[in-house]
Amino acid sequence: MKQYDWLQTEYAELEKAGLARNLRTVMSPPQNTVTLDGRYVVMLGSNNYLGLSTHPKVMSAAANAAMVYGTGASGSRLISGNNTIYETLESNLAKTKGTEAALVFSSGYAANISIIPVLAGENDLILSDALNHASIIDGCRLSRATKKVYRHCDVEHLMTLLSEATGFRRRLIVTDGVFSMDGDIAPLRDIYEVATTYDAMMLVDDAHGFGVLGKSGSGTVSHCGLDGQDIIQMGTLSKAVGGMGGYVAGSQVLIELLINRGRGFIFTTGLPPATLAAANTALNVMRSSSKLRKRLLEHADTVKTTLTKIGYTLLPSQTQIIPVVLGEPQLATDITQALLAEDVFAPAIRPPAVPTGTSRLRVTVMATHTDRDIEHALRGFKNVFSSF
């Protein structure tokens, strides 16, 4: 049918620009090494930072919950999909984050597109970091609030924008805690001081800091020496926690308002009981796993130091996310393919996920990587560098 011919044209344009993407199939558990499209590789593209998705206690909790409660929630939480495991998990999350309460969503994306429109509307102002995650950007759009973007981690620019902002009902500052494609940490203490000075709310997306940074892995807010009571924190259960879902942690009244107005909470089915039980157990393991967090960041330091010595260009990451900047999309995809030939997987990241001209490999390490895994991966990077 001719009315669909444009689909092929648009996809061909993506291919020509080096921006076409395809799905790769992981044919084994998501561990430090995996079988990817039939090839055994060291995995350097996983968000399973602590390896908890295959931790025996976590897997056992999921299996037991499925046997007791079945495979699905069978309804939205406001109708029939709430259960005691949800309540236990949310209590555990609030305890971990140091807040009065928490609310679990089906994903981190759902959490952001739900909470931002609740916090800000047509008569309000949102100030958003230039490199915030796409879910934050979409949440800002859905809110219909006025949005101003401040330069990446530039607190002076943020303060200037706030000082010039008049006539708004409410003001909201939103930032990633750890930036997902750059691996750097937002200057939360300075941002908090600005928020306090200008009477603005503050929302931190802690997806990539939770489980990795802060006291007992509680996240970026704790890492920056701040009290979680005055800062709204959003995060995920799909990264260091190793499962699925998102959450918002904050005051009790905020959570009650989200239950009544958060569209991504109200109009979706609850998560499966096995997913909730796994996340709850993973939280308990995570809090007691200082050795895992230490090993994760030690691996990251080793990889950063060696890649720099080889000659790769890295952004100044402070975390387990290591951006290897290559510039053009095709070069990034070519190097990913070359690394696969060395039995190493490091995914190419291209626009629109990153700004034009900054295509890169997003290298992530895991606490469960062995020293041999790291050595093998770095040898592969060295071999590839000499051929480009």
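Our numbering puts the first residue of the sequence shown at 9, with every later residue one more than the last.
For each residue, glycine too, the CB sits at the ideal point set by N, CA and C.
Opposite VAL182 in the DSSP bridges: which residues?
As a first step, residue 182 must be located in the sequence shown, where it is residue number 174. Answer by DSSP bridge pairing, in chain order: SER136 and LEU211.
Thinking C-alpha only, which one of GLU95, ARG159 and LEU170 is nearest ASP132?
Mapped onto the sequence shown, residue 132 falls at position 124. Nearest C-alpha to ASP132: LEU170.
Since ILE121 and ALA128 are thought to touch, with beta carbons under 8 Å apart, how far apart are those beta carbons, to the nearest angstrom?
Here residue 121 refers to the residue found at position 113 of the sequence shown. Here residue 128 refers to the residue found at position 120 of the sequence shown. About 12 Å separates the two Cβ atoms, so there is no contact after all.
Which class does PRO355 belong to by DSSP, given the choice of helix, strand or coil?
Taking the first residue of the sequence shown as 1, we reach residue 355 at position 347. Here PRO355 sits in coil by DSSP.
Give me the residue from GLY319, THR92, GLY225 and LYS24 with the minimum Cα distance to VAL76.
One-based indexing of the sequence shown puts residue 76 at position 68. For the residues GLY319, THR92, GLY225 and LYS24, the minimum Cα distance to VAL76 belongs to THR92.
Could you pull out every residue in the same chain whose Cβ sits closer than 7 Å to the Cβ of ALA361, ignoring the five residues on either side in sequence?
Taking the sequence shown and counting its residues from 1, one reaches residue 361 at position 353. Cβ within range, chain order: MET189.
Report the residue ranges of all alpha helix (DSSP H) runs contained in full by the region 336-381; include only those spanning at least 4 residues, in chain order.
Counting only runs of 4 or more, we get 337-349.
Going along the chain, which residues of its own chain have a beta-carbon closer than 7 Å to the beta-carbon of GLN326, five neighbours each way excluded?
The residue you call residue 326 lines up with position 318 of the sequence shown. Answer for GLN326: GLY191, ASP192 and ILE193, listed in chain order.
Here's a check: name, in chain order, each residue in its chain whose Cβ is nearer than 8 Å to the Cβ of ALA28, leaving out the five neighbours to either side.
By 1-based counting over the sequence shown, the position of residue 28 is 20. Counting only Cβ-Cβ distances below 8 Å, and skipping sequence neighbours, we find TYR19 and LEU22.
In the DSSP assignment, what residue or residues form a beta bridge with ILE240?
Taking the first residue of the sequence shown as position 1, residue 240 is located at position 232. Answer by DSSP bridge pairing, in chain order: LEU211.
Could you check what DSSP says for LEU52 in three-state terms: helix, strand or coil?
Position 44 of the sequence shown, counted from the first residue, corresponds to residue 52. Reduced to three states, the DSSP call for LEU52 is coil.
Determine the DSSP secondary structure at VAL202, reduced to helix, strand or coil.
For the purposes of this step, residue 202 is taken as the residue at position 194 of the sequence shown. Of the three classes helix, strand and coil, the one that applies to VAL202 here is helix, per DSSP.
Compute the Euclidean distance between the alpha carbons of LYS312 and LEU322, then round it to the nearest angstrom.
On the sequence shown, position 304 is the one that residue 312 refers to. On the sequence shown, position 314 is the one that residue 322 refers to. Roughly 8 Å separates the two Cα atoms.
How is SER84 classed by DSSP in three states: helix, strand or coil?
To locate residue 84, count along the sequence shown from 1; it is residue 76. Note: SER84 maps to strand in three-state DSSP.
So what's THR41 in DSSP terms, helix, strand or just coil?
Start at 1 with the first residue of the sequence shown, and residue 41 comes out as number 33. Three-state DSSP puts THR41 in a strand.
Helix, strand or coil for ALA282 per DSSP?
Here residue 282 refers to the residue found at position 274 of the sequence shown. Reduced to three states, the DSSP call for ALA282 is helix.
Check for me: the alpha helix (DSSP H) holding GLY258 runs from which residue to which?
Sequence index remark: in the sequence shown, residue 258 carries index 250 (1-based). Taken as a continuous stretch (DSSP letters only), GLY258 belongs to no alpha helix (DSSP H), being part of the beta strand (DSSP E) at 254-258.
Can you grab the Cα-Cα spacing for the pair ILE124 / HIS141, in whole Å?
Here residue 124 refers to the residue found at position 116 when the sequence shown is read from its first residue. Here residue 141 refers to the residue found at position 133 when the sequence shown is read from its first residue. Each residue's Cα considered, the two are about 13 Å apart.
For PRO331, name the three-state secondary structure that DSSP assigns.
Translated into the one-based positions of the sequence shown, residue 331 becomes position 323. Strand at PRO331.
How is the beta strand (DSSP E) around TYR320 delimited, first residue to last?
Walking along the sequence shown from the start, residue 320 turns up at place 312. No beta strand (DSSP E) holds TYR320; DSSP gives it neither H nor E.
Answer with buried or exposed for PRO280, where buried requires no fewer than 16 other C-beta atoms within 10 angstroms of its C-beta.
Indexing the sequence shown from 1 puts residue 280 at position 272. With 16 or more Cβ atoms within 10 Å of its Cβ, PRO280 is classed as buried.
Exposed or buried, which one is LYS247 when buried takes at least 16 other CB atoms within 10 Å?
Taking the first residue of the sequence shown as position 1, residue 247 is located at position 239. By the neighbour-count rule (16 or more Cβ atoms within 10 Å), LYS247 is buried.
Alpha carbon to alpha carbon, how far is ALA215 from SER394? Give it in angstroms, no decimals.
Taking the sequence shown and counting its residues from 1, the one referred to as residue 394 is at position 386. Taking the sequence shown and counting its residues from 1, the one referred to as residue 215 is at position 207. The alpha-carbon atoms of SER394 and ALA215 are separated by roughly 35 Å.
From the DSSP output, in three-state form, read off ARG47 for me.
Counting from 1 along the sequence shown, the entry for residue 47 is found at position 39. Strand.
For THR277, name the three-state secondary structure that DSSP assigns.
In the sequence shown, the residue the question calls residue 277 occupies position 269. Of the three classes helix, strand and coil, the one that applies to THR277 here is strand, per DSSP.
Hey, how far is the Cα of SER61 from the Cα of SER68?
Counting from 1 along the sequence shown, the entry for residue 61 is found at position 53. Counting from 1 along the sequence shown, the entry for residue 68 is found at position 60. Going by the C-alpha atoms only, they are around 11 Å apart.
Do VAL186 and GLY217 have their C-beta atoms within less than 8 Å of each other?
Reading the sequence shown from its first residue, position 178 is the one you call residue 186. Reading the sequence shown from its first residue, position 209 is the one you call residue 217. The answer is yes: Cβ separation under 8 Å.
Would you kindly work out how many angstroms separate the C-alpha atoms of ASN72 and THR96, rounded to a whole number?
Start at 1 with the first residue of the sequence shown, and residue 72 comes out as number 64. Start at 1 with the first residue of the sequence shown, and residue 96 comes out as number 88. Rounded to the nearest angstrom, the two C-alpha atoms are 16 Å apart.
Please classify ALA349 as buried or exposed, where buried requires at least 16 neighbouring CB atoms within 10 angstroms.
Working through the sequence shown from its first residue, we reach residue 349 at position 341. Burial call: exposed.
Where do the N-terminal and C-terminal ends of the alpha helix (DSSP H) with LYS105 fall, by residue?
For the purposes of this step, residue 105 is identified with residue 97 of the sequence shown, where counting begins at 1. 92-105 is the span of the alpha helix (DSSP H), which, as asked, contains LYS105.
Distance check for ASP162 and ARG85, CA to CA, integer angstroms please.
As a working note, residue 85 is residue 77 in the sequence shown. As a working note, residue 162 is residue 154 in the sequence shown. Each residue's alpha carbon lies about 40 Å from the other.
TYR200 to GLY53, Cα distance in whole Å?
Counting from 1 along the sequence shown, the entry for residue 200 is found at position 192. Counting from 1 along the sequence shown, the entry for residue 53 is found at position 45. Going by the C-alpha atoms only, they are around 32 Å apart.
Suppose you measure from the CA of ARG370 to the CA of THR344; what does that come to, to the nearest Å?
In the sequence shown, the residue the question calls residue 370 occupies position 362. In the sequence shown, the residue the question calls residue 344 occupies position 336. Approximately 10 Å between the Cα atoms of the pair.
For the alpha helix (DSSP H) holding GLY19, just list the boundary residues, first then last.
Against the sequence shown, residue 19 aligns to sequence position 11. This sequence places Tyr at residue 19; Gly is not what is there. Taken as a continuous stretch (DSSP letters only), the alpha helix (DSSP H) holding TYR19 covers 13-24.
Taking the CB atoms as reference points, tell me whether ALA375 and ARG269 lie closer together than 8 Å.
On the sequence shown, residue 375 is found 367 positions in, with the first residue counted as 1. On the sequence shown, residue 269 is found 261 positions in, with the first residue counted as 1. Cβ distance not < 8 Å, so ALA375 and ARG269 don't count as in contact.
Are GLY26 and ARG271 close, meaning C-beta to C-beta below 8 Å?
Counting from one through the sequence shown, the residue named residue 26 turns up at place 18. Counting from one through the sequence shown, the residue named residue 271 turns up at place 263. Not closer than 8 Å, so no.
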